[in-house]
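Participant: So the number in my numbering is just where the residue sits in the sequence shown, counting from 1, plus 2.
Can you read through this structure? Questions will come right after.
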Amino acid sequence: MPTKKLGVYPELLTSIEKARQLIIPEDRIRVLNPLIEYIQSKIDQGQEINLNFICTHNSRRSQFSQIWAQTAADYFGIPANCYSGGVEITAFNERAVASIKRSGFKVSAKGDANPVYYVFHSDDKEAITAFSKLFNDPINKGSQFAAVITCSHADENCPFIPGTEKRIPVRYEDPKEFDNTSEESAKYDERSLQIASEMFYVFSNVKMPA
């Protein structure tokens, strides 16, 4: 159960419950353990928790990861700051935006070419600000953060990330390959739900001081 009751939107709560029922394979648990250990170490030391989820275009997987990680952190009352970024600027993909809306998030947007989306999981917290940006964009924490790498291209082609304390690969398959197919919506929702499941697993295994 969450340590702090949030007024999570009912449709989103249904998605969270569905995500938490998914079984996470042992090989994925091994991938997630370094992230749990990093967060726990920051709590144990009384330090700020900053996570920057990084993928090449900051358009799909890293956006899903930021949104679900921040939602999970808030759900369990973990004081984490979750960001995202890339090595190229594109846009928060409209298919991914549609998927988080289907999950039950409330979303508003501002702008055209690279819109800024304001993503709400409840009325109790400020919006998660989501748009495509470089990992070192001023909106992100510039030092004392963990770089959580969500795609193989960024992991292999971005060997040095200034300001990071730890680099943690947590790769996900790209739903982009299903764009413009009959499986598009289902595959985006499948990837989003997987990420939700894993981020909720991570934060459910973090222990706050009594």
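Note that beta-carbon positions come from the ideal geometry of N, C-alpha and C, so glycine has one too.
Computed from a predicted structure; not experimentally measured.
When you compare only the Cα positions, how much space is there between residue 118 and residue 109?
Facilitator: The sequence position of residue 118 within the sequence shown is 116, counting from 1. The sequence position of residue 109 within the sequence shown is 107, counting from 1. The alpha-carbon atoms of residue 118 and residue 109 are separated by roughly 10 Å.
Participant: According to DSSP, what are the bridge partners of residue 152?
Facilitator: By one-based count along the sequence shown, residue 152 stands at place 150. In the DSSP output, where bridge partners are listed per residue, residue 152 has none listed.
Participant: Skipping 5 residues on each side, what residues in its chain have a beta carbon closer than 8 Å to that of residue 209?
Facilitator: Mapped onto the sequence shown, residue 209 falls at position 207. Once the five neighbours on either side are set aside, the close Cβ partners of residue 209 are 42, 45.
Participant: Using three-state DSSP, classify residue 129 as helix, strand or coil.
Facilitator: On the sequence shown, residue 129 is found 127 positions in, with the first residue counted as 1. Three-state result, residue 129: coil.
Participant: On the criterion of 16 or more Cβ atoms from any shown chain inside 10 Å, does residue 176 qualify as buried, or is it exposed?
Facilitator: In the sequence shown, residue 176 corresponds to position 174, counting from 1. Label assigned to residue 176: buried.
Participant: So for residue 71, helix, strand or coil by DSSP?
Facilitator: Taking the sequence shown and counting its residues from 1, the one referred to as residue 71 is at position 69. Residue 71: helix per DSSP, three-state reduction.
Participant: Report the three-state DSSP secondary structure of residue 168 (helix, strand or coil).
Facilitator: Sequence index remark: in the sequence shown, residue 168 carries index 166 (1-based). Reduced to three states, the DSSP call for residue 168 is strand.
Participant: Measuring alpha carbon to alpha carbon, tell me which of 203, 15, 23 ends up nearest residue 102.
Facilitator: By one-based count along the sequence shown, residue 102 stands at place 100. Ranking the options by Cα distance to residue 102, first place goes to 15.
Participant: What separation, rounded to the nearest whole angstrom, lies between the Cα atoms of residue 136 and residue 63?
Facilitator: Within the sequence shown, the letter at position 134 stands for residue 136. Within the sequence shown, the letter at position 61 stands for residue 63. Each residue's Cα considered, the two are about 14 Å apart.
Participant: For a test of the three-state rule: what should DSSP assign to residue 119, helix, strand or coil?
Facilitator: Within the sequence shown, residue 119 is the residue found at index 117, counting from 1. Strand at residue 119.
Participant: Please confirm whether residue 95 and residue 61 have their CB atoms less than 8 Å apart.
Facilitator: Mapped onto the sequence shown, residue 95 falls at position 93. Mapped onto the sequence shown, residue 61 falls at position 59. Yes, the pair counts as a contact, with Cβ atoms nearer than the cut-off.
Participant: Who are the near neighbours of residue 47 in its chain, counting only those whose CB is closer than 8 Å to its CB and skipping five residues on each side?
Facilitator: Stepping through the sequence shown from its first residue, residue 47 is reached at position 45. Taken in chain order, the list of residues that qualify is empty.
Participant: State the Cα-Cα distance for the pair residue 81 and residue 52, rounded to the nearest angstrom.
Facilitator: As a first step, residue 81 must be located in the sequence shown, where it is residue number 79. As a first step, residue 52 must be located in the sequence shown, where it is residue number 50. Approximately 9 Å between the Cα atoms of the pair.
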